[in-house]
Structure formats: structure tokens, C-alpha cells
Ligand code: PMP
Ligand code: GLU
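Listed below in C-alpha cells is the structure:
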């Protein structure tokens, strides 16, 4: 079988569960079924016109060639100004690398920093790709779990206890995918105190949902004492600017890490697309409040969904403060049957939702929490209301 020629590294990697479920929903939809897809974490807004116009102008101006591997100087300067304006961080362009999405920034960092057996603590529930990127890069993912009872947020004591001599890297996202939790300023500072004490320990702070917060603003861990030399701040255009298909992300890190990531990227993909980078300059220079209309919509949907989820007996949720996800605990359903099927676990739970309610969501298993499932609410109120009605009806048949 040709499968046997695949590398062990590849065979050890699972397919991205978020992308897989999105594909399944698309396939069912193509057969004529009205599928409501709450699977993919993708803004339902279009990219704002002023950003599209900037890309069109860049094309007309001839930005169609290779760019420097770490990104156009003009964009890296705009990123530095943005980090100063929004995040209280001082960086120079040499400490910035622009990539094909935040995903690539994370992959570059892991490939640049990890040796076989290096331990990487991943705050759990985690975004699906962290785990597999770490493994592919040779690291050993160590899942550090914080449940619903602690708002899905790891405490400094927990972190302290999980650190070993082999821990090299910590990865977390705040606002979090998949839980929507947002670490407060004091919580981030407390984590920083633990991390800053250790030499040879680094942290990937994934802030890609930074503009989507409903209460407090996002806090960057790199701003706290002793943290700038240890932090790789990840961000990008996908979520805050509704630019998922443009494939533009960036990182800010100590120069030696930025240079190492540039080296990796230079061999794998080169600089990100030229006219997109020009449009990103325009986007980052605009006041972040220009995108507030998206945040307001997410906030409204979150409120609506919280109410609808609370009405479904057996579902337990937190009250997310950011991003556009719910990550309900559904353990109460395990063992229930409708007389034909039994729900044994979260994977079967989401299969049943797709088959019987025609609602696509993602099992918590691939986010490191087998008692939960993820809903992305980046869709209209009408579709959310319809989806919850369908889910409630189907689950009501399972006793
Ligand atoms: N980090 C998190 C937490 C995400 O949810 C995503 C999903 N897109 C990414 C990184 C990757 O984003 P990008 O589209 O910029 O690759
Ligand atoms: N980050 C999004 C999600 O979690 C997009 C899909 C992906 O890149 O995995 O659904």
C-alpha cells in the first residue's frame, strides 16, 4: 500500500478537525440538505472595503513580485506602530516576521525552537493545530487542563507545578479558541511572574482574537517585566479584519527568534503575498474602532446564544468574554439514547448533530477536552436561532 511510504511524522499527525468538519458540512450541503455550519472559526463579515481598495491599488501599483522574506518594511513598521498603540509594546522591524497566516507564524516558531523531546505546555482546551504543530516539530505536547469550574483559565499555581526541566515553550491563546475565555490583566501578570523566573523558557501568546473582546481589553504578556525576551506574540489579519482568505499573520519576538523564523520561512514559503501586505498596512494604520461593528455583532450573538444554550437541559457553558466560540460541556448526554443510537462521547455527539439536526459543530476531543464540543457563532442571529431549535429538538429525543 502506498500509505506505507508516508513518513512516521505525517502518520502521527491528525487532520485539522475544524477544517475536516467544515468539509463534511460542505459535502452534506452539496447534496441539497440545509446544513447550518457552526464548525469553522471564520468571521461571516466580508473584508472592509477600504482594505480591498488598498489591495486593488497595490496591484495597479505593481506590487506583484516577491517581497523580503520577513515582510515589506512598510508593513513591519506599521506592525511596530500598532503594537505600541494597542499593546504597550516596543518593537523594531527586525523583530517582526510576516507570514502566510498566524498558523505559519506558530509553525515557524516551533520549528525554530524545538528539539526532539522538548516539552511544550499547551493550555487546554487548546486550538487544534497547536498540538500537531508541536509534535511535527519534534516537541512533546503537555496538556495543562483548566475546566469550566475555572472558566477554562490556567492558574499560576497550576503552571508552576506543570513546569519541568524539559519545558521549553508554553502556548496559549487569549481570547481563547475554543472557549472564548479572556485572561484579565492581573491573571496574565500572574502567569508572567511564573514564566519570567525561568531561564530557557519561552511563551507563544496567540492574540489573534485581540479585537474581539466584550469586557476587558486584551492584555499582552510581553509587556510585563522580564517577558519581552521570552515572548513570541502572534497576531494576524484573519479574525479582527475578516481577512481569513488573505493569509496574513505576523509575530513579534526577540530578534534571534525572528531571524530563525525568517530562515525557516525562507526555505519553505518565502515572503507572504505582496499586494495583501500593502492592504494590511492600510488596515493596521486605521483606528481599531473602525472594526467595532463586528465586535458588537459578535457580542449580541453571544448573548443570544448563551440564553438559547442555557435553555437546553444537560448543556453547561461559561459566559465567553471574547472570540466567537462557545465550548459547552455535554458530558450529561453520554449514555443517553433515542432508541436507535447511543451518545457515547463528544465525537458521536457532533455526528448526531450533523446527521439528525443538520448542524455542524466540532467535537471537543481535538481541542483536548472530550466532554465538550465547540460552536462558532460567526453567523446570523436567524441561523443561530434555527440551529439551537434543531439541536434542542434532537437532544430532547435522547433520554
Ligand atoms: N490561532 C488561533 C487561536 C486560531 O483560531 C487560528 C484560526 N484561524 C489561527 C491561529 C490561525 O489563523 P490564520 O488564519 O492567521 O492562520
Ligand atoms: N481557526 C479557525 C478554527 O478554529 C479556522 C480553521 C483552522 O484554521 O483550523 O476553526
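In this note's numbering, the protein residues as written are 1 to 399.
Note that CB positions come from ideal geometry on N, CA and C, so glycine has one too.
| Query | Result |
| --- | --- |
| Stretch-stretch touch, CB-based, cutoff 8 Å, three pairs: the region 332-345 with the region 184-191 | no |
| Three-state secondary structure assigned by DSSP to residue 83 | helix |
| Ordered list of beta strand (DSSP E) runs contained in the region 137-180, each at least 3 residues | 140-145, 167-173 |
| Strand pairing of residue 316, partner residues [DSSP] | 329 |
| For residue 206, the first and last residue of its enclosing alpha helix (DSSP H) | That residue, residue 206, is in no alpha helix (DSSP H); its beta strand (DSSP E) goes 202-206. |
| Any non-hydrogen atom of ligand 4 closer than 6 Å to residue 330 Cβ | Ligand 4 is absent from the structure shown, which contains only ligand 1 and ligand 2. |
| Unbroken beta strand (DSSP E) run spanning residue 251, endpoints | 249-252 |
| Reference residue 171, options 231, 160, 239, 226, closest by Cα | 231 |
| Residue nearest to residue 248 in terms of C-alpha spacing, selected from 208, 5, 285 | 208 |
| beta-carbon residue 108 near ligand 1 non-hydrogen atom, thresh 6 Å | no |
| Straight-line Cα distance separating residue 240 from residue 180 | 14 Å |
| Residue 191 versus residue 59 - alpha carbon distance | 44 Å |
| Inter-residue Cα distance where the pair is residue 161 and residue 246 | 40 Å |
| Near ligand 2: residue 100 beta-carbon under 6 Å from a heavy atom | no |
| CB contact flag (residue 216, residue 173, <7 Å) | no |
| Inter-residue spacing [alpha-carbon to alpha-carbon] between residue 120 and residue 196 | 16 Å |
| Any non-hydrogen atom of ligand 1 within 6 Å of residue 246 CB | no |
| N- and C-terminal bounds of the beta strand (DSSP E) containing residue 98 | 96-99 |
| Nearest neighbour of residue 304, chosen from 198, 382, 9, 12 [CA to CA] | 382 |
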